[in-house]
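Following: one structure in structure tokens, then a few remarks.
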Amino acid sequence: MVSELPNLPLKKLTNKQKNKSSKSRVSWSRTLLNPLGTSLSLHELDLLVNFISSKNIHLVGDEIYSGTVFSSPSFISIMEVLKNRNLMNTEISKRVHIVYSLSKDLGLPGFRIGAIYSNDEHVVSAATKMSSFGLVSSQTKHLLSEILSDQKFTKTYLSENRRRLKERHEMLVKGLKRYGIRCLENNSGLFCWVDLRHLLNTNTFEGEMELWKKIVYEVGLNISPGSSCHCGEPGWFRVCFANMSEETLDLAMQRVKSFVDSMAKQNNKNRHQQLMNRNSRRTKSLPKWVFELSFRQREVSADDR
Ligand SMILES: Cc1ncc(COP(=O)(O)O)c(C=O)c1O
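Mapping to the working numbering: the sequence shown position 61 is 48, numbers consecutive.
Next up, the structure:
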């Protein structure tokens, strides 16, 4: 698996702000990164707090995937960092806000239930007023209060969910590895960041879209191209593994295998054809002495070695 984590683009962001004299006042951080599925370390969260403090801006921590961390390091909330640094009830803590929803951890996207946690009274007041535009039905509230007040159930549910995510993640990563496909090492989320750069026809975002279309239409799998998640390098894809049964994932893996095999066969055929074309072009266009020279050159180089 690939283990390098992308650097936090804080410096880049600051430079961008300077260059464009941007009026941006908010830094948005998914403390469990979608699409990478990696949690931020204490050090990275510390850097974020330093950053917003020095730039006098707000930080919105999206902790929607906090319950999906299936292996270490465990999830650290941005609030814990403030607490550790004795920054609670300070001016900085008023500029840190958390958003959360039950869509991922409880698998309840249809319920449209979320929360905003903030120490800033203006933010809380505005959010309270806005909430009247998306009122939750009484039936939903009743059902949820029944579920969430059953602490034994919620505890078991979350740990069982994490166990199954870990299992399914391993199944995907190990399976892809067998077919020569690498994944970014991740410890959370419902997806994996998969490296398909070697399957691109051209190392461009057009090449990525071409490959994506092939995978959708020919293989029957819908995975997200990296460009849709603003990835700067073509050939990366986000693969969700959590919204299907084990049998479906197994079938998907079989299809990936046939696809990789057919791509390898096609590439060999193309390479063979290219070689043949090159050789016949050479034979037609190059004079005899070139071959002699190149042959001698090769011999000399071989002797040199
Ligand atoms: C990081 C992140 N935040 C927020 C959301 C929105 O979730 P919802 O509107 O279902 O609560 C998503 C959904 O994909 C997400 O990935």
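Note that CB positions come from ideal geometry on N, CA and C, so glycine has one too.
Nearest candidate by alpha-carbon position, reference residue i, set the options
i      : options                        : result
Ser105 : Val83, Val123, Leu34           : Val83
Lys91  : Thr77, Ser112, Ile51, Lys252   : Ile51
Ile103 : Met240, Met231, Val47          : Val47
His156 : Tyr166, Lys201, Cys170         : Cys170
Thr25  : Val13, Phe57, Ile44, Ile39     : Phe57
Ile168 : Glu205, Cys216, Trp180, Asn174 : Trp180
Arg165 : Ser245, Ile39, Ser28           : Ser245
Glu78  : Ser88, Asn43, Asp49, Ile63     : Asn43
Leu95  : Asn230, Asp237, Thr235         : Asn230
Inter-residue Cα distance where the pair is residue i and residue j
i      : j      : result
Glu195 : Val247 : 15 Å
Pro60  : Leu262 : 49 Å
Thr270 : Asn264 : Because Thr270 carries a pLDDT of 49, less than 50, the predicted location of this residue cannot be relied on, and the following value inherits that uncertainty. Spanning the two alpha carbons is a distance of roughly 10 Å.
Gly213 : Asn254 : 23 Å
Met66  : Asn21  : 20 Å
Ser232 : Asn190 : 34 Å
Val203 : Ser211 : 10 Å
His185 : Glu108 : 51 Å
Leu187 : Leu93  : 36 Å
Thr115 : Ile100 : 14 Å
Ser80  : Ala239 : 46 Å
Lys153 : Lys139 : 21 Å
Ser146 : Ser64  : 18 Å
Asn148 : Gly162 : 21 Å
Leu208 : Ser41  : 45 Å
Gln126 : Val86  : 23 Å
Leu159 : Asn76  : 44 Å
Phe62  : Ser118 : 28 Å
Leu74  : His45  : 14 Å
Glu362 : Lys70  : It is not possible to answer for residue 362, since the shown part of the chain is limited to -12 through 292.
Asp137 : Leu130 : 11 Å
Exposure label - residue i; buried when at least 16 CB within 10 Å
i      : result
Pro221 : buried
Phe178 : buried
Arg225 : buried
Thr55  : buried
His259 : exposed
Val243 : buried
Thr173 : For the sequence presented, residue 173 should be read as Asn rather than Thr. Counting Cβ neighbours within 10 Å, Asn173 comes out buried, since at least 16 surround it.
Val123 : exposed
Gly97  : exposed
Gly176 : buried
Ser53  : buried
Leu32  : buried
Val36  : buried
Review point. In chain order, which continuous runs of the beta strand (DSSP E) of length 3 or greater are located wholly inside the segment 66 to 122?
Key: 83 to 88, 101 to 105
Check your understanding: What alpha helix (DSSP H) runs, 4 residues minimum, are completely inside the segment 28 to 67?
Key -> Within the segment 28 to 67, the complete alpha helix (DSSP H) runs of at least 4 residues are 29 to 42.
Exercise for review: Just list the beta strand (DSSP E) runs in the segment 131 to 185, keeping only unbroken ones of 3 residues or longer that don't cross its boundaries, in chain order.
Suggested key: 178 to 182
Practice item. Any chance you could list the alpha helix (DSSP H) runs of at least 4 consecutive residues sitting entirely within the segment 185 to 214, in chain order? Key: 192 to 201
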